[in-house]
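Step one of this worksheet: look at the structure below.
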Amino acid sequence: MVPKGIRNLIGNAKGYGKCLKCGDSWYWKKGHSTVYDVRDDGSTGCFPLCEECWAGLTPEERLPYYLRMYSVWGGEDKWSKIKKAVLEGR
Ligand SMILES: [Zn+2]
Numbered sequence: 004m005v006p007k008g009i010r011n012l013i014g015n016a017k018g019y020g021k022c023l024k025c026g027d028s029w030y031w032k033k034g035h036s037t038v039y040d041v042r043d044d045g046s047t048g049c050f051p052l053c054e055e056c057w058a059g060l061t062p063e064e065r066l067p068y069y070l071r072m073y074s075v076w077g078g079e080d081k082w083s084k085i086k087k088a089v090l091e092g093r
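Written out as structure tokens, the structure reads:
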């Protein structure tokens, strides 16, 4: 199996995002999708953390990672929706 560090480098080179806690790439690892907006035309989610990191943190501990992700997005104010979803354990 290709070492994790190499898989992460490949993921970075291919432009994949990564977990904001452990740095593992979405190229090979699955992120935990937090759905924060559900509409008739579909739902919107985000995934700053991988399933492993997400599962190891409480909702309050997860929040800073979502805020870091959101601070990069900027634009439209979705933070209140994201914060609510995270604290509800989604
Ligand atoms: Zn992680």
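To convert a position in the sequence shown, counted from 1, into this note's numbering, add 3.
The beta-carbon is built from N, C-alpha and C at its ideal position, and this holds for glycine as well.
Note that the structure is predicted; figures quoted are calculated from it, not measured.
CB contact flag (residue i, residue j, <8 Å)
i       : j      : result
Cys-142 : Lys-33 : No information on residue 142 is available, as it lies outside the stretch 4 to 93 that the chain covers here.
Gly-14  : Ser-36 : no
Straight-line Cα distance separating residue j from residue i
i      : j      : result
Gly-18 : Glu-63 : 29 Å
Trp-76 : Ile-9  : 27 Å
Cys-56 : Leu-66 : 12 Å
Tyr-61 : Ser-74 : According to the sequence shown, residue 61 is Thr rather than Tyr. If you take the alpha carbons of Thr-61 and Ser-74, they lie about 21 Å apart.
Asp-43 : Pro-6  : 42 Å
Cutoff 8 Å; reference residue i; Cβ partners in own chain excluding five residues on either side
i      : result
Ser-46 : Val-38 and Asp-40
6 Å Cβ shell around residue i - same chain, five flanking residues per side excluded
i      : result
Lys-84 : Tyr-39 and Asp-40
Cys-22 : Leu-52, Cys-53 and Cys-56
Cutoff 7 Å; reference residue i; Cβ partners in own chain excluding five residues on either side
i      : result
Gly-20 : Trp-29
Residues that residue i bridges to, as DSSP identifies them
i      : result
Asp-40 : Thr-47
Lys-21 : Ser-28
Residues surrounding ligand 1 [beta-carbon distance to nearest heavy atom under 6 Å]: Cys-22, Lys-24, Cys-25, Asp-27, Leu-52, Cys-53, Glu-55 and Cys-56
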